Amino acid sequence: MKLEGVIYCGDNLEWMRQFPDEFVDFIYIDPPFFSNKYYEVIFNDGAEVRSFEDRWKGGIEHYIGWMRERVFEMHRILKRTGSFYLHCDWHAEHHLRLMTDDLFGASNFKNAIVWQRFTFHADAKRFGNVNDTILFYTKSNKYTFHRQYRPYKERYIKSHFKYVDADGRKYRLDNLNPPAGRGPVYEFHGVTRPWRFTKEKMLEIERQGRIYVSPGGIPQIKRYLDETKGQAVHTIWDDIPPINPRAKERLGYPTQKPEALLERIIKASSKEGDLVFDPFCGCGTTLVVAHRLRRRWLGIDVAPTACKLMKWRLAKAGARPVEIIGIAYEREELKKLTPIEFQNWAIGIMSGTASDRKTADMGIDGYSFMERDPIQVKQQESIGRPEIDKFETAIRRARKQKGYVVAFGFTKGAYDEVARVKRKNDLEIELLTVRELVEKYGK
Ligand SMILES: C[S@@+](CC[C@H](N)C(=O)[O-])C[C@H]1O[C@@H](n2cnc3c(N)ncnc32)[C@H](O)[C@@H]1O
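According to my numbering, the sequence shown is numbered sequentially starting from 16.
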């Protein structure tokens, strides 16, 4: 199974259950929120609508249960040194946090980041909800973390970097106290006490013109604005605006997240070469940013439209090759085909040949490539024991020992019958769901 450079199309629970343990370094999820129903159906694909209906069968408990089984898998596949970010909003944030505390362990909770996405929100008779929350967990206490910085706000620069050198450089004055009060003791500008630097280093700093002695005789160090990394990022993120209608990165889907947001998160919690995973990847923001930051990536989305859009976006960003697995499994579209079109599609994917009408009437729709074993194609949700029995007769009539049945699904009775036929008559019938067919035979 390919585990990088791939977008899996389908329900992430089904795909993740096939993934091995502890192989990804970083996970970010931006799942459908427990909020306005219509807003949550983005791509309007049949698969997404079904996933949406699945989540909405019950209230919040149902939604949390739906999320829990997925987060359980994410926790399983995350490396012990990995980090996990869950993006949510006020509707379910508190429920989700209890669930993630339970799965990751409360001691592995790191932050609840407040991302201010609006400057204004009209909420009648209460304070405007202007933020999302991003819950940050690690799997253990051994993990990657790179502190992130943001430019100082103008107000801060004005109040702190008040001084200007002869060459126009803005600076602030900082004390020369040693950390925790312990440092080398010597006399400097007539003051004998512990200092932050050794005497040699202090003299060097002075030669560079970076020491200022106040009228009261206290030496201080100049910290230049153009040399600072900026302000260390804390848990309130009010410097990343949502995607505006004219933004270059905008693809037109309401839940698309800004690349700057993902860039900060991915840079903080991963290294070049790490494997970044997003199982609700939508327009592919996480994957595109991961690619740009030289991380490996892996994504899942249930909506074929989203997968195709991501493939295009990743290719545009220079990622090669970008593979989608499961895309041909567009159930709703396949269901809309006429029975003959559906048969042709299924037999074509197996590189088989369709029967002429006469043999088709005898329960065989086509023959496999090379061995020419019978194929029966049923455009039905569920095929049971009686159909398998009839097909067994058709295989025998064709004097063959093997046959294939393709359908959207099979009952347990059908599988039992296949086992019985094998045991009793040594005749092999392979049952292929549409999904298995696509996985086995390709595009
Ligand atoms: C909020 S959007 C993600 C947006 C994304 N962060 C971006 O920047 O474009 C949620 C995505 O989850 C997908 N989704 C919903 N249910 C799913 C499921 N069971 N498995 C995989 N993806 C699912 C939807 O199709 C949608 O694209």
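Yeah, the Cβ is synthetic: ideal placement off N, Cα and C, and Gly gets one too. Keep in mind that this is a model prediction, so the values were computed, not measured.
- The closest heavy atom of ligand 1 lies 7 Å or more from the beta carbon of CYS322.
- Boundaries of the beta strand (DSSP E) around PRO234: 234–239.
- Scanning its chain for C-beta atoms nearer than 7 Å, with the 5 sequence neighbours on each side dropped, one finds around ALA247 the residues ARG162 and TYR164, in chain order.
- In this structure, the alpha-carbon of PHE423 lies about 24 Å from that of TRP71.
- A distance criterion of 7 Å places the beta-carbon of CYS296 in contact range of ligand 1, judged by its closest non-hydrogen atom.
- Excluding sequence positions up to five before and after GLU445, its CB lies within less than 6 Å of the CB of TYR419, all in the same chain and listed in chain order.
- The criterion of a C-beta distance shorter than 8 Å is satisfied by VAL291 and ALA305.
- Of the other Cβ atoms in all chains shown, fewer than 16 fall within 10 Å of the Cβ of VAL179; this residue is therefore exposed.
- Under the three-state reduction of DSSP output, ASN190 falls in the coil class, being neither helix nor strand.
- Runs of alpha helix (DSSP H) with 4 or more residues, each lying fully within the segment 82–159, are found at 108–119, listed in chain order.
- Shown here, LYS185 sits in a strand according to DSSP, grouped into three states.
- TYR268 has no beta-bridge partner at all, per DSSP.
- With a threshold of 7 Å, the Cβ atom of ILE281 does not count as near ligand 1, since no heavy atom of the ligand is closer than that.
- Put simply, the backbone Cα of ILE251 is about 56 Å away from that of SER366.
- With a cut-off of 7 Å, the C-beta of TYR268 is classified as near ligand 1, since at least one heavy atom of the ligand falls inside that distance.
- Between ASP289 and ARG311, the CB-CB gap stays under 8 Å.
- Setting aside the 5 residues that flank it on each side, ASN192 is surrounded in the same chain by ARG211, each with a C-beta closer than 7 Å to its C-beta; the list follows chain order.
- Distance from the C-beta of ASN144 to the nearest heavy atom of ligand 1 is not below 7 Å.
- With distances taken between CA atoms, ARG412 lies nearest to ILE379 out of GLY198, ASN259, LYS427 and ILE379.
- CA-to-CA, the gap between TYR158 and LYS282 works out to about 13 Å.
- Rounded to the nearest angstrom, the gap between the Cα atoms of PHE151 and ARG132 is 18 Å.
- The criterion of a C-beta distance shorter than 8 Å is not satisfied by LYS326 and THR300.
- Shortest gap from the CB of ILE340 to any heavy atom of ligand 1: 7 Å or more.
- For LYS272, the CB falls within less than 7 Å of some heavy atom of ligand 1.
- Ranked by Cα distance from ARG91, the first of LEU18, MET31 and GLY224 is MET31.
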